[in-house]
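Numbering (the numbering used here), first residue to last: 74 to 322.
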Amino acid sequence: MAEQLQDKIAVVTGASRGIGRGIALELASRGAAVVVNYQKNADAANTLVSEIEGAGGKALAVQADVSTEEGANALIKTAVDTYGKIDILVNNAGTTRDNVIMLMGVEDFDAVINTNLRSTWLCSKAAVRAMMRKRYGRIINITSISGIVGNGGQTNYSASKAGIIGLTKALAREVSSRNVTVNAVAPGFVLTDLTANLPEDIAKKLNENIPLGRWGSIEDVAKATAFLATDDASYITGHVLVVDGGLAM
Ligand code: NAP
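Written as structure tokens, this is what we have:
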């Protein structure tokens with residue numbers, strides 16, 4: 074599979090940990106050079122870069138807060154300045170600040186919308202010009218089934234993830250004439266730092282409701298994302314690929 078993404082340049086936001094890390098590894102294993110974005114965790118990002126390089130791949134760690142215009146622009150500029158182009162953008166950086174709406178502060182709403190939705194818009198805006206010029210691009214936005222079915226205690230998160238789905242479809246229409254595809258991946262429950270402190274009884278109950286009987290793995294999501302970056306998916310755009318063991322059907 075290494076040749077699938079040979080000579081492709083990929084940027085993965087929030088790639089120091091969790092699902093983003095898994096996506097970076099998967100894209101690199103298929104031959105892409107990967108820009109590993111992180112916000113705070115430089116050690117984890119540098120360890121990932123060493124791991125990719127150790128396996129014979131190319132990677133670069135870039136610190137940027139992608140919820141800000143300066144951060145998103147600087148990230149994409151660094152990728153283009155370093156490698157001359159950007160073929161694949163995975164908007165993965167995300168966060169949660171769960172609470173029922175009556176107890177949720179405006180700052181919790183804004184922080185989640187900015188980290189999840191604003192960052193996706195900003196990075197896509199920054200990358201699209203370079204992609205359209207080359208008449209090639211793959212933008213893959215990591216949403217969630219919470220943005221499809223809604224999740225109590227997550228009005229901020231569900232709104233941000235539903236917004237990402239709308240953004241994906243609108244942008245897919247805008248850029249399709251230049252061979253740029255825009256798709257989304259909607260994971261169900263995957264064990265990462267984001268979900269690690271879910272109470273055990275809730276986690277167990279969730280398991281019972283998942284038709285395939287288990288939480289998703291980081292690799293499940295990474296492989297679905299990598300598929301959308303390959304030529305095998307060249308006729309797919311504006312699609313939301315649900316990777317949830319059947320939970321949201
Ligand atoms: P995670 O383990 O908490 O990792 C979050 C990553 O995002 C980290 O690399 C973090 O960087 C980065 N990040 C956060 N804010 C950022 C910012 N402003 N700028 C740049 N990077 C930032 O989360 P995860 O579970 O892997 O989630 C990844 C994505 O999948 C998110 O969009 C999430 O909503 C989505 N998702 C997850 C699940 C799940 O069950 N885990 C389900 C559905 C969807 P630092 O390490 O530097 O802090």
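Note that beta-carbon positions come from the ideal geometry of N, C-alpha and C, so glycine has one too.
For Ile96, does the count of other Cβ atoms within 10 angstroms reach 16, so buried, or fall short, so exposed?
Position 23 of the sequence shown holds residue 96. So Ile96 ends up on the buried side.
Straight-line CA distance for Asp293 to Ile92?
Position 220 of the sequence shown, counted from the start, is the residue given in the question as residue 293. Position 19 of the sequence shown, counted from the start, is the residue given in the question as residue 92. For Asp293 and Ile92, the distance between alpha carbons rounds to 10 angstroms.
Tell me which residues share the same chain as Gln77 and place their Cβ nearer than 7 angstroms to its Cβ, disregarding the 5 neighbours each side in the sequence.
As a position in the sequence shown, residue 77 is number 4, starting the count at 1. Within the same chain, Cβ atoms closer than 7 angstroms to the Cβ of Gln77 are found at Arg103, Gly104, Thr303, the five residues on either side in sequence being excluded.
Would you say Thr151 touches the ligand NAP, meaning its beta carbon is less than 7 angstroms from a heavy atom?
Sequence index remark: in the sequence shown, residue 151 carries index 78 (1-based). Annotation for Thr151 indicates a beta carbon at 7 angstroms or more from all heavy atoms of the ligand NAP.
Determine, using beta carbons only, whether Leu195 and Glu142 come nearer to each other than 8 angstroms.
Taking the first residue of the sequence shown as position 1, residue 195 is located at position 122. Taking the first residue of the sequence shown as position 1, residue 142 is located at position 69. Contact: yes.
Could you tell me whether the Cβ atoms of Asn256 and His312 are closer together than 8 angstroms?
Position 183 of the sequence shown, counted from the start, is the residue given in the question as residue 256. Position 239 of the sequence shown, counted from the start, is the residue given in the question as residue 312. Yes. Within cutoff.
If contact is defined by three or more beta carbon pairs under 8 angstroms, each pair taking one atom from either stretch, is the stretch 199-216 in contact with the stretch 149-166?
Using a Cβ-Cβ distance cut-off of 8 angstroms, the stretch 149-166 and the stretch 199-216 are in contact, since at least three pairs of beta carbons, one from each stretch, lie closer than that value.
Going by Cα to Cα distance, which pick from Val253, Gly261, Arg208 is closest to Val222?
Indexing the sequence shown from 1 puts residue 222 at position 149. Checking every option, the nearest Cα to that of Val222 belongs to Gly261.
Does any heavy atom of the ligand NAP sit closer than 7 angstroms to the C-beta of Gly167?
Indexing the sequence shown from 1 puts residue 167 at position 94. For Gly167, the Cβ falls inside the 7 angstroms cut-off from some heavy atom of the ligand NAP.
Judging by CA-CA distance, which residue of Ser140, Gly220, Ser250, Leu314 is the nearest neighbour of Ser197?
For the purposes of this step, residue 197 is identified with residue 124 of the sequence shown, where counting begins at 1. The residue with the shortest Cα to Cα distance from Ser197 is Ser140.
Cα-Cα, which of Gln227, Gly239, Glu99 is closest to Met175?
On the sequence shown, position 102 is the one that residue 175 refers to. Of the listed residues, the one whose Cα sits closest to Met175 is Gln227.
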